[in-house]
Amino acid sequence: MPRNIPLFTFNRCTSVEVVGDNELRSVCRLRDSVTDAEIAVNVRLPDLEIIGISGYFHHDRLQPPADLDAHLRRVVGVRVGSGMLKIIAGLLGEDENCRQLVYMVEECCHGVILNLTRKVLLQAPDDEAGSFAFFSGLVKKSTRLYDRCAAYAAGSPLVREFEAEKQERESSS
Amino acid sequence: MSSQFMRSKLINVCRLDNNTLVVHGVLDDSIYSLELDFKVELAGLGCFDVEGRWLRWTTPECPRSLEFIRLVEGLKLTDPVSERVHKTLGRRSCRHYANLFLEMVYAVRETVRMLELDLPGAALSEPEPPAEADEAGDEPEKVSSTVASPERTASRGFSQKPAGGFIVDLHLHTAPASPCASDSVAEMIVVAKKRGLDGICLTDHNYLWSEKEVQKLRERHDFLILRGNEVVTDQGDMLVFGFHEEIRGVVRLRDLKEQVAARGGFIIAAHPFRGFLTFAADDIGLTVESASRREMFKWVDGVEVLNGRVTENENRLAREVAAALHLPATGGSDAHQVSEVGRCATLFPAPFHDETGLVAALRSGDYRPLSLSGD
């Protein structure tokens, strides 16, 4: 086989759209050399509660649960947010036949979070000083960003002000 | 109907030579665009020559992540790698690179299966979960009028406590009982005593301490140590007291309530509004009224309104919801390491000495959350 022809190709696309008042629909589609699958999750705002889910899953080797939609509906009522990964995995099962399904549900949920994140990021100014102020302000608002990645690691210019304020608070209290 | 957000991931796996695969991945979405390349030696599925490129990013410091991109070099892709990738690439570099890397690992494993290579002990089809926002800070603050205020000590750090109260940290994790915790129960107890607490509750994730073990700890440290449990339910994490049945996996909160109530136990909604990295509950329009309608509040006996690992706004919303629903309010550090022990706790008016006493005290509703943090 020629070396520049892939042995395996993979294409995963997740999209989030508004489908009504206070409702988002997040769809994760996977096509790769052995899989054809789609999971759609409907989420109600502002609670980010999963209110509907459906999908299909075809794989050369793996067998999804017989009544896939019924199986997926176990996650109806779960909220998109912190702690959701263990809840989704726990409800859908973690055996090999379900792992990719679980991952796709999680991707749908992450799409919802990234969609909301994008709205915050759209407020960032374009100029250098404004952008710096905006992103260093984010860590003050949400301290869980601190040390979360290279950009917000201890000592990064983006967290210097945050670190100084924290130190000042600690020494004055 | 138009898409508000779209994320595409494209990956291909080619054969460089008889012993090597070359893997190329692209993640392109409505925020970021990045690429990752690495090679895999077929003999043992070791990963090497990792390279990354940013095409679009957000903060001015995102490019720093490339300095750490090689942290995954040497990983054997036959082994479960998710946790390690999240902790190294995800935390020190960028979680989006970690996400793409794990998708590429999945692609490599499926390729190896297609090639029908015989690799020992491989969990080859395991897709591994994306990183999640779960880190939190903590802030004490003023409260709504109807729920007990989290009281704050005037002292610096953790060194003093208010006179006349009985302070118990109701939420604490230990290693190895909670895999996410980093310090042992003995280390936690020593620090809890030093910081002036009167007792702690061990609330390891879905883990049941035996009465014998806890009794030994009490005697060894001459300190009040009580058993609890942080149970994962479909409605989020719940602190459970006075209930000592083993719970595996995720349970429905409604079912848990039934079981706990039958044994006279007490359920507290833990950090009910722990949220996201870049936006808060009010950014998405969550109000006290809408938050109060959540299913979980039908089934809990109390609400943790002062958690040591969430933001000020998240604790505030929890307090306001507890007030609106007239549910008792507690505090707990949610400590996973000694530096966090006792940041937040619950102040009871009188001492108790065992789990029966704790549950009775919780049922009385006569207590308040307390911040002992200098923050």
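As they're listed, the protein sequences go chains A and B. Take the first sequence: its letter number 105 is residue 111 in this note's numbering, and every next letter is one higher. Take the second sequence: its letter number 54 is residue 71 in this note's numbering, and every next letter is one higher. All C-beta atoms, glycine included, are put in the ideal place defined by N, C-alpha and C.
query: Per-residue burial, I11/A [other beta carbons within 10 Å of its own, 16 or more giving buried]; result: exposed
query: Through-space distance from T220/B to Q276/B, alpha-carbon basis; result: 18 Å
query: Contacts that P77/B makes with chain A (C-beta to C-beta distance below 9 Å); result: E134, S137, F138, F141, A157, P163, L164
query: The region 232-253 of chain B: positions lying closer than 9 Å to chain A by Cβ; result: V249, T250, D251, Q252, G253
query: C-beta neighbour in chain A for S20/B, strict 8 Å; result: yes
query: Closest by C-alpha distance to G266/B, when choosing among R280/B, R87/B, D251/B, L72/B; result: D251/B
query: Buried/exposed call for I57/A, threshold 16 Cβ in 10 Å; result: exposed
query: 8 Å contact criterion, which G359/B and L323/B should meet: CB distance rounded; result: Incorrect: roughly 12 Å between the Cβ atoms, too far for contact.
query: Pair within 8 Å by beta-carbon distance, M121/B and S39/A; result: no
query: For N332/B and S161/B, the rounded distance between their alpha carbons; result: Only weak support is given to the placement of S161/B: the predicted model assigns it a pLDDT of 32, under 50, and the value that follows is read from those uncertain coordinates. Using only the alpha carbons, I get a separation of about 11 Å.
query: T373/B burial status per 10 Å Cβ neighbour count (16 or more: buried); result: exposed
query: Rounded separation between R105/A and G99/A - CA only; result: 8 Å
query: Anticipated Cβ contact below 8 Å, L106/B with L88/B, distance rounded; result: 5 Å
query: Partners in chain B for N121/A, counting only beta-carbon separations shorter than 7 Å; result: Q21, F22
query: Bridge-paired residues (DSSP) for D42/A; result: R37/A, H64/A
query: For L92/B, three-class secondary structure by DSSP; result: coil
query: Host alpha helix (DSSP H) of L78/A (start-end); result: 74-78
query: CA-to-CA distance, T95/B to A139/B, given in whole angstroms; result: For A139/B, the pLDDT reaches just 46, beneath the cut-off of 50, and the residue's location in the model is therefore unreliable, leaving the point undetermined.
query: Helix, strand or coil at P97/B [DSSP, three-state]; result: coil
query: Cβ of L151/A within 8 Å of any chain B Cβ; result: yes
query: Rounded Cβ spacing between R6/A and S47/B (contact assumed at less than 8 Å); result: This structure gives no information on residue 6/A, because the portion of chain A shown stretches from 7 to 179.
query: The region 227-237 of chain B in contact with the region 207-214 of chain B per 3-pair CB rule at 8 Å; result: no
query: A297/B and L256/B closer than 8 Å at C-beta; result: no
query: Beta bridge counterpart(s) of A352/B as assigned by DSSP; result: L189/B
query: CA nearest to the CA of L270/B, picked from L164/A, V84/A, D66/A, S162/A; result: V84/A
query: CB contact check: R154/A to chain B, cutoff 8 Å; result: yes
query: Paired residues, beta bridge with N34/B - DSSP; result: At residue 34/B the sequence reads Asp, which differs from the Asn that was named. Answer is T37/B.
query: Three CB pairs or more closer than 8 Å across the region 23-42 of chain A and the region 50-64 of chain B; result: no
query: For M313/B, the nearest candidate out of L294/B, R212/B, A115/B, V338/B (CA to CA); result: V338/B
query: As assigned by DSSP and simplified to three states, the class of D133/A; result: coil
query: is_contact[K315/B, chain A] using C-beta, thresh 8 Å; result: no
query: Under 8 Å (Cβ pairs) to chain B, residues found in the region 93-108 of chain A; result: I93, A95, G96, L97, E102, R105, Q106, V108
query: CB contact check: G61/A to chain B, cutoff 8 Å; result: no
query: At least three beta-carbon pairs within less than 8 Å, the region 152-160 of chain A to the region 302-320 of chain B; result: no
query: V86/A beta carbon less than 8 Å from that of V33/A; result: no
query: CB contact below 8 Å: D272/B versus chain A; result: no
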